[in-house]
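In the order they appear, the protein sequences are chains V and R. Heads up, the first sequence is in my numbering, so the first residue is 1 and it goes up one at a time. Heads up, the second sequence is in my numbering, so the first residue is 1 and it goes up one at a time. Note that the Cβ used here is the ideal one computed from N, Cα and C, for glycine as well. Computed from a prediction, not measured in an experiment: that's the story for all the values here.
2 protein chains.
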Amino acid sequence: MHSSLERVLNPRSIAIVGASETPGKAAERRTRSLIEGGYRGRIFPVNPKRRRIFSLPTYPSVSAIEEPVDLVVIIIPPPAIPQVVRESVEKGAQGIVIITAGLGETGNEGKQIEAEVLEITQKAGVHLIGPNCSGMFSASASMNFLGIPGLQRGHLSVVAQSGNVIDSLSHYARNRGLGFSKIISIGNAVGVKLHDYLRCLKDDPDTRVILLYLEGIQNGNDLIQAARETVAQKPIVALKVGRTSAGIRAAASHTGSLTGDDTVVSAAFRQAGIVRVNNVDELFDVADVLAKAPYPRGRRVAILSEGGGDNAIAADNAERHGLQVPVLGPSTQEAIRPFLLEGMPAKNPIDYGGTAEEDPPVIPRCCQPCLESDDVDAIFITGFFGGFREIIAPHVGPLEEEAARELVNLVKKFEKPIVVHSSFARDEIPALQILREGGIPLFESSERAALALAALADYALGRERARRWRPLRSESPPAACQDILHKVLTQGRNHLTEPEALRFLELYGIPTPAHRIVSSEEEAAEAAGELGYPVALKVISPHILHKSDVGGVALDLADALQVKEAFRGIHERVRSRMPEARIEGILVVPMVQQGMECIVGAVRDPQFGPMILFGLGGIFVEVLRDVSFRVLPLGEGEAGEMIREIQGFPLLQGVRGHPPKDILSLEGLLERVAILFLENPQIREMDLNPVKVQESGATVLDVRLVLEGP
Amino acid sequence: MHSSLERVLNPRSIAIVGASETPGKAAERRTRSLIEGGYRGRIFPVNPKRRRIFSLPTYPSVSAIEEPVDLVVIIIPPPAIPQVVRESVEKGAQGIVIITAGLGETGNEGKQIEAEVLEITQKAGVHLIGPNCSGMFSASASMNFLGIPGLQRGHLSVVAQSGNVIDSLSHYARNRGLGFSKIISIGNAVGVKLHDYLRCLKDDPDTRVILLYLEGIQNGNDLIQAARETVAQKPIVALKVGRTSAGIRAAASHTGSLTGDDTVVSAAFRQAGIVRVNNVDELFDVADVLAKAPYPRGRRVAILSEGGGDNAIAADNAERHGLQVPVLGPSTQEAIRPFLLEGMPAKNPIDYGGTAEEDPPVIPRCCQPCLESDDVDAIFITGFFGGFREIIAPHVGPLEEEAARELVNLVKKFEKPIVVHSSFARDEIPALQILREGGIPLFESSERAALALAALADYALGRERARRWRPLRSESPPAACQDILHKVLTQGRNHLTEPEALRFLELYGIPTPAHRIVSSEEEAAEAAGELGYPVALKVISPHILHKSDVGGVALDLADALQVKEAFRGIHERVRSRMPEARIEGILVVPMVQQGMECIVGAVRDPQFGPMILFGLGGIFVEVLRDVSFRVLPLGEGEAGEMIREIQGFPLLQGVRGHPPKDILSLEGLLERVAILFLENPQIREMDLNPVKVQESGATVLDVRLVLEGP
């Protein structure tokens, strides 16, 4: 386990400040669950008003405890907290958990207390957990001060932002017979952050799957980096609420955390390989399968049943969740056909109705050729398995048990997952018990079986991506770039003029159009002649950010006469509309007619930090919101994924008689923008709009570059 | 009940031909379930090889039965079926159910037998059910020859295309304590069709909700019309598989029915008010809620819980399924606030944590102002209700029961639905039992509660639409239209020339551009001058369907010189590329530059018959597949819905500085196309592409009109 949190999750002794035995009180529930949970270390209840609590001797203060204390749990009113934290640090505690609510989430007073205790603990190098959290469960230490009795040990670990959701999850898990390794309520996460917990659970040998419940994202960039490292080792399944506007309202009133745009959250999670689910059912379905089943190499699934209707339902469910149901190869079909009724196709889905019902071992015999085939990554059995003895005749029962044992063996032998849906999954049936004990996931619902299998494939592929992931090389910005930024900042500006911005891009090897800066009509016409008509003129001024708004742009100028006229026009309009603006010249650029318009942007997102955006121009972004996002740093190959995942991608490939565009150049451009943005943290936002992608090459036609600052 | 099927679903006597008592045989299971099911009429087993079956005397043939027979059930090999059908008709049977498989779905031989028995029964006016069906259950007659024991009585009725899915559904319902009024397996539906069953169940007083399971759609137009009539009375919930390609493969190999494009299916179902679900869980969740709860007037839901996290999850789930979670009005908030902790917002979702847990009657008190408010259509309670006695203290239990009774009363009083999600829903808890018995739907999953509530709103609004639905008036086509079609058909053509097609549209009041037909260069230039430049020229020939392919079109002609050149060019190109084509003249039309390009189409769909299609032009249809469909006849107002439901609709409203387009004219155009297409069944397909919608008016720029026939 991540050594730094080891003593917090496996403390040798715990002081519980505000300990209570008054029924109904939060402190009482936590004191009791700690004692009843069988914690093996020493417990020191701290409460100056009592001599004993649950028959343990109490202490008037942390300082009064004579023995060493590893962990201090605090459940007392806010004003008294800083003093207890100070004493705990002096006492040598390695971790302090503040359960008390009503701090940072309620207002400034609480925020001040948070800041104070954070300073104390940081100076001392002590872990601060919470405040406003509901406690912690650690199976390895038999430690449970969540106030929830009867938690089972197991291989799932939970990190959650909401205490009452931990209650729900615990209850749900109990109903399903699932157990936990660690449950951590992070509360306001003033000290230890989500990503710290992830790195810790990544190394916890008892944790097979990490379950996250999130309402808001803080330090999202750290989260994504830590998640990617974790995903390379073990799965993370996340339920993130606030997808919709009412969800955001509920989450905001709950934790005081700001929940941002949900599209960005999904993109970031996918990038890191986090499996995102929509609800608690899915959370446990997916976590359970991830904890038990081998990982498939892809999304191709063979579906088998004794009924065509169930097969049709299963195939629909599978494909809706992104699995593929390929037609099996001829040799696989041939190997299966002897087990089917005369004339039944063995394409996939496979219908062994009429044979398997009376002779269930037909089922593993049909599975085996599928598992042997390189075209099948997983098996999905659907229908009535386990119920044949009831539907057909009792003597079939032992044959079903034989089939179940064989299925368990097949999974071990081929290391490919088998998932079973059975209408009889709720019943107590020996054959189904063999599947359960053999680690074969069993579902009463075909839909949920398909979703879990799809998530298994998502994770398996995400893990591969996380393991292969290499960030694009980022070093330090070219000196000339620093000079430009220095000049802009010393002039008190927060944006670059267009020639400055174009120069900036050029220094990073980002293609910009040929251009000239001119200061007279004649120079303008001459420059236009050299560049080639038609051209555009744009005013250059450190005081003007939106050039079009002040009449500072003239487009599509076809000859010298028009250029000269436009030159005068721009000067006149800008002087009359913005007389204080200093005009440093006029930019002459050729009009680029050819190519597909795209948009490339980069922002510092309040949730995830530096991010990059890609979309097609115009209505595709503005009306259809057809854009892709990535958190920076960008990994190798991710620019290509960004381009391919937008809905309008076929337009770049060439449709309706248009030739394909230069996607490779566009990828290179995106990558260079990503590197530029990471290497220059002074840049707050950049907007390359439009970028024209031609049959050969991609060029930035207009750029806006805004700096942090005034 | 629909009188014509009354005797089939409530027969006074049943002959079962092929009756058996050999364990494991399909006929044995059906004979036994009929006898054990407690059927109150007479049962006549027919089997020449036995004297008695299950202690009932047998008959060697149907003719040999001395008493009247209402219903004959047939489970014998195909070749013997026609003779039995003949005898049954002579015997005066009102219905014949053929369970035997291996007929129309396997090949021509079977199809011939189907045709033969259909002819016999149709002549006699006898209902033919199946073949290849699995039987029937009718609670009112205590009749069950499905071969599935232990079916409970209730208010759900099932009509299904797959026998083994009926097995699944029965098992699922038994696990959930749900019961049925009728279960009908339609098999190949050679005689009685799906829409006949719908009309029958519409009038069945015992049926509250109709559940459909479909693999393929036949007679889709009849289905949609019958469904709309039914939906005006009671809900239909449909699980239609074959959404995806593998689903289609599985369904096709199963029933031999062709499953078409799924987008069309969803559109048609929505149009009729059928609630479509994705899987068996949803089917029962939704059916159960529809059978119990009052119908909401809209989609606005108040969400309440003792925990902010559960509220956030519920709000997400609600909005994802199309419900709205509005901020409550000030007076409603004020009425709720006294029941909340100091400082807790009452906006919605409402968090009564800290009060309701110790005093559960706070819950109905918070619900009441919501129910009184005109801004709330339904209530969604989420969290731990029922489990407070376990979490807090046992004395809370009776208070939870009091709260549950009050919730039941509130539903009755306000006739608005309350749906409850509780983590404790699986447990045996008195408070939850009160909810169940009081008809309040209870879910263990927040997601499934939200989905069911959304489906309730979908149905309620769909019912209103079905009740208000009036078809657009359709009469008989104008005589001049008949003349055009007559001329085209007598010339052996299957498409109209463009002037013919334009004339056809004009006769229906569909706006077409001014145009001239010319036969010389000079006439062309003169016509262009009158119409105004720029113009387009198009060849007119009864032999040319795709004019552009043979060089028969010239666009954007700016002056007389270009027009004359183009005139010659078209003649030359067409003569060289299609020398056999007779050129009847050249069409001169002005180019319409302004406006937004749309596509309007009409087809005779193999599943749903006449349908109309709408989309924006170009990439919107070809790349983004952003189109809307409706089955004809179109109802009043449906054209407007079609236009508004495409993703690109904002473009018609005007974005990026473009003025809004004339949507009313576009609606009128769609409606007239719908009427034209219905009134002229000789037209197989029409394609108005593009239609230009301007700020004022909408005009068809190009039209292709293809007839049925050679």
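To which residues does DSSP link V:VAL72 through a beta bridge? The partner list for V:VAL72 (beta bridge, DSSP) reads V:ALA15 and V:ILE96.
Among R:PRO606, R:PRO369 and R:PHE620, which residue has its Cα nearest to the Cα of R:GLU685? Selected option, being the one with the closest Cα: R:PRO606.
V:PRO610: which of V:MET591, V:LEU634, V:LEU178 and V:VAL592 sits nearest, CA to CA? Scanning V:MET591, V:LEU634, V:LEU178 and V:VAL592 for the CA closest to the CA of V:PRO610 turns up V:LEU634.
Give a yes or no on whether the minimum CB-CB distance between V:LEU587 and chain R is below 9 angstroms. Interface annotation, V:LEU587: not in contact with chain R, CB-CB separation never under 9 angstroms.
What residues of chain R sit near V:TYR172, judged by a beta carbon separation below 7 angstroms? SER423, listed in chain order.
Residue interval of the beta strand (DSSP E) (run including R:LYS49): From DSSP, R:LYS49 is part of no beta strand (DSSP E); its letter is neither H nor E.
In whole angstroms, what is the alpha-carbon distance linking V:GLU530 and R:ASP702? Distance between the alpha carbons of V:GLU530 and R:ASP702: 44 angstroms.
Own chain partners of R:GLY163 with C-beta closer than 6 angstroms, once the 5 adjacent residues on each side are dropped: Within the same chain, Cβ atoms closer than 6 angstroms to the Cβ of R:GLY163 are found at SER134 and SER185, the five residues on either side in sequence being excluded.
According to the Cβ coordinates, are V:LEU169 and V:ASN132 closer than 9 angstroms? The criterion of a C-beta distance shorter than 9 angstroms is not satisfied by V:LEU169 and V:ASN132.
Expressed to the nearest angstrom, what Euclidean distance is found between the alpha-carbon atoms of V:THR259 and V:ARG299? Its pLDDT being 32, under 50, V:THR259 is placed unreliably by the model, and nothing is read from it.
Whole angstroms is fine: what's the gap from V:VAL550's alpha carbon to V:ALA466's? In this structure, the alpha-carbon of V:VAL550 lies about 48 angstroms from that of V:ALA466.
Contacting positions in the region 446-468 of chain R - beta carbon closer than 7 angstroms to chain V: Within the region 446-468 of chain R, the residues whose Cβ lies closer than 7 angstroms to some Cβ of chain V are SER446 and GLU447, listed in chain order.
Count the other C-beta atoms from every protein chain shown that fall within 10 angstroms of the C-beta of V:GLU87, then say buried if there are 16 or more, exposed otherwise. By the 10 Å Cβ count, V:GLU87 comes out buried.
Rounded to whole angstroms, what's the CA-CA distance from V:VAL691 to V:GLY615? Just pull it up for me. Distance between the alpha carbons of V:VAL691 and V:GLY615: 10 angstroms.
With distance defined between alpha-carbon atoms, name the residue in V:PRO369, V:ALA524, V:ARG463 and V:SER541 nearest to V:GLN491. Closest in C-alpha terms to V:GLN491, from the list V:PRO369, V:ALA524, V:ARG463 and V:SER541, comes V:SER541.
For V:GLU671 versus V:ALA639, is the C-beta distance shorter than 9 angstroms? In terms of Cβ geometry, V:GLU671 and V:ALA639 form a close pair [threshold 9 angstroms].
Please confirm whether R:ALA314 and R:PRO349 have their CB atoms less than 9 angstroms apart. Contact flag set, yes.
Element boundaries [beta strand (DSSP E), containing V:LEU537]: V:LEU537: member of the beta strand (DSSP E) spanning 535-540, first to last residue.
V:SER474 beta carbon less than 9 angstroms from that of V:LEU678: Taking 9 angstroms as the Cβ cut-off, V:LEU678 and V:SER474 qualify as a contacting pair.
From what residue to what residue does the beta strand (DSSP E) around R:ARG684 run? R:ARG684 -> beta strand (DSSP E) spans 683-693.
If you follow the beta strand (DSSP E) that V:SER157 is part of, which residue opens it and which one closes it? Here the beta strand (DSSP E) through V:SER157 covers 153-160.
In its own chain, which residues sit with a C-beta less than 7 angstroms from the C-beta of V:CYS718, not counting the 5 before and 5 after it? As shown, chain V starts at 1 and ends at 710. That puts residue 718 of chain V outside it, with no answer to give.
Evaluate V:LEU223 with the Cβ neighbour count: other Cβ atoms within 10 Å of its Cβ, from every protein chain shown; 16 or more gives buried, anything less gives exposed. V:LEU223 comes out buried.
Rounded C-alpha distance that separates V:ARG704 from V:ASP662: Distance between the alpha carbons of V:ARG704 and V:ASP662 is about 24 angstroms.
Taking a cut of 7 angstroms between CB atoms, which residues from the region 109-136 of chain R lie near chain V? Residues: none.
Quick check on DSSP: helix, strand or coil for R:PHE504? Judged by DSSP in its simplified three-state form, R:PHE504 adopts helix.
Work out the CA separation of R:VAL419 and R:ILE381 for me, nearest whole Å. In a straight line, the C-alpha of R:ILE381 is about 6 angstroms away from that of R:VAL419.
Could you list the residues in the region 650-684 of chain V with a C-beta less than 9 angstroms from some C-beta on chain R, going in chain order? Those residues of the region 650-684 of chain V that come within reach of chain R (Cβ to Cβ, closer than 9 angstroms) are PRO650, LEU651, VAL655 and ARG656.
Can you tell me whether R:ASP374 is buried or exposed, with buried defined as 16 or more other CB within 10 angstroms of its CB? Under this definition R:ASP374 is an exposed residue.
Taking contact to mean at least 3 C-beta pairs separated by less than 8 angstroms, is the region 621-628 of chain V in contact with the region 643-653 of chain V? Flag = yes, the region 621-628 of chain V and the region 643-653 of chain V touch.
Using 8 angstroms for Cβ pairs, my map puts R:VAL241 next to V:ASP316. What's the rounded Cβ distance? The pair is a contact, with the Cβ atoms about 5 angstroms apart (cut-off 8 angstroms).
Sequence-distant residues of its chain with Cβ nearer than 8 angstroms to V:THR207 (five each side left out): Excluding positions up to five away in sequence, the list reads HIS155, LEU156, SER157, SER181, LYS182, LEU201 and LYS234.
Tell me whether V:GLN112 sits in a helix, a strand or coil according to DSSP, three-state version. If DSSP states are grouped into helix, strand and coil, V:GLN112 belongs with the helices.
Nearest by alpha-carbon distance to R:VAL761: which of R:GLN152, R:LEU555 and R:GLU319 is it? The question about residue 761 of chain R has no answer here: the residues shown for chain R are numbered 1 through 710.
Let me know if R:HIS254 comes out buried or exposed under the rule of 16 or more other beta-carbons within 10 Å of its beta-carbon. Residue placement at R:HIS254 is flagged as unreliable, the pLDDT there being 37, under the threshold of 50; a coordinate-derived value is accordingly withheld.
Can a CB atom of chain R be found closer than 9 angstroms to the CB of V:VAL165? Taking a beta-carbon distance threshold of 9 angstroms, V:VAL165 counts as an interface residue toward chain R.
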